[in-house]
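Step one of this worksheet: look at the structure below.
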Amino acid sequence: MEIGDELDAANVQRVRDSFDRQGLMAHLGATLTEIRRGLVVIRLPYRAELTQQHGYFHAGGTSAIADSAGGYAGFTLFPPDSSVLTVEFKLNLLNPAEGEALEATGRVVKSGRTLTICTLEVAALRAGQRIPVAIGQQTLICLAGRPDGPLIA
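For the sequence shown, the positions run 850 to 1002 when the working numbering is used.
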């Protein structure tokens, strides 16, 4: 199987269930729009509450959806009894983030037993065009034997 291939229904549901537990994504109004093997797209519609002082999407929202898109791209390749955490990510902001929505794409470059590397891309959707907003790279860790879900205190 290759990156971008279809996922089976159980893995798609596992990603959706995990995403639905993320309070920040719900708070921002972000949604999953594509889930494939090693590739996830998250969309964030424009709202004034998500902007900075010039009216652009705030870099905090931009980076949050980029981080989650990469994390879930990696998660699609992880074993069912595991979970995912970001170890590190870097994001370069390329253009002002303005438009009707942002779309973040996370794509696995290398999936390892413990660490997985992803590329991150964010584009603004504006007047029928896709304007590059940010690019980045991310390192994830697979927490084997620790199923995804809320931590028990």
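Glycine included, C-beta positions come from ideal geometry on N, C-alpha and C.
This one's a predicted model, so the numbers in the text were calculated from it and none came from an experiment.
Let me know the secondary structure DSSP gives Phe927 once reduced to three states.
In the sequence shown, residue 927 corresponds to position 78, counting from 1. Reduced to three states, the DSSP call for Phe927 is coil.
Do Asp916 and Gly994 have their beta-carbon atoms positioned less than 9 Å apart in this structure?
Residue numbering aside, residue 994 sits at position 145 when the sequence shown is read from its first letter. Residue numbering aside, residue 916 sits at position 67 when the sequence shown is read from its first letter. No; because the gap between Cβ atoms is not below 9 Å, this pair is not in contact.
Only counting the same chain, and skipping five residues up and downstream in sequence, which positions put a Cβ closer than 6 Å to that of Thr880?
In the sequence shown, counting from the first residue as 1, residue 880 sits at position 31. Here the set comprises Arg892.
Which residues in the same chain as Leu964 place their Cβ atom closer than 8 Å to its Cβ, once the five residues preceding and following it in sequence are excluded?
Here residue 964 refers to the residue found at position 115 of the sequence shown. Correct list, in chain order: Val936, Thr988, Leu989, Ile990 and Cys991.
Rounded straight-line distance, which links the Cα of Thr968 to that of Lys939
Translated into positions along the sequence shown, residue 939 becomes position 90. Translated into positions along the sequence shown, residue 968 becomes position 119. Rounded to whole angstroms, Lys939 to Thr968 spans 10 Å at the Cα level.
In angstroms with no decimal places, state the Cα-to-Cα distance between Ala973 and Gln862.
Within the sequence shown, residue 973 is the residue found at index 124, counting from 1. Within the sequence shown, residue 862 is the residue found at index 13, counting from 1. Each residue's Cα considered, the two are about 27 Å apart.
Three-way DSSP call (helix, strand, coil) for Gly872 in this model:
Translated into the one-based positions of the sequence shown, residue 872 becomes position 23. Three-state result, Gly872: helix.
Inspect the beta-carbon positions of Ala953 and Thr925 and report whether they are closer than 9 Å.
One-based indexing of the sequence shown puts residue 953 at position 104. One-based indexing of the sequence shown puts residue 925 at position 76. Contact flag unset, no.
I'd like the list of long-range same chain contacts for Gly878, defined as Cβ closer than 7 Å, with 5 residues on each side in sequence excluded.
Indexing the sequence shown from 1 puts residue 878 at position 29. Hits under 7 Å: Leu893, Pro894 and Arg896.
Quick check on this structure: which residue in Ala858, Gln901 and Asp869 has the alpha carbon closest to the alpha carbon of Ala946?
As a first step, residue 946 must be located in the sequence shown, where it is residue number 97. Nearest C-alpha to Ala946: Gln901.
Report the rounded CA-to-CA distance for Leu934 versus Asn860, giving the unit in angstroms.
Position 85 of the sequence shown holds residue 934. Position 11 of the sequence shown holds residue 860. Roughly 17 Å between the two C-alpha positions.
Within 10 angstroms of the Cβ of Arg956, are there 16 or more other Cβ atoms? Answer buried if so, exposed if not.
By 1-based counting over the sequence shown, the position of residue 956 is 107. Classification of Arg956: buried, given that the 10 Å Cβ count is 16 or more.
Bounding residues of the beta strand (DSSP E) (the contiguous stretch that carries Asp852):
Counting from one through the sequence shown, the residue named residue 852 turns up at place 3. The sequence given here places Ile at residue 852; Asp does not occur at that position. Careful: Ile852 lies outside any beta strand (DSSP E) and carries neither H nor E.
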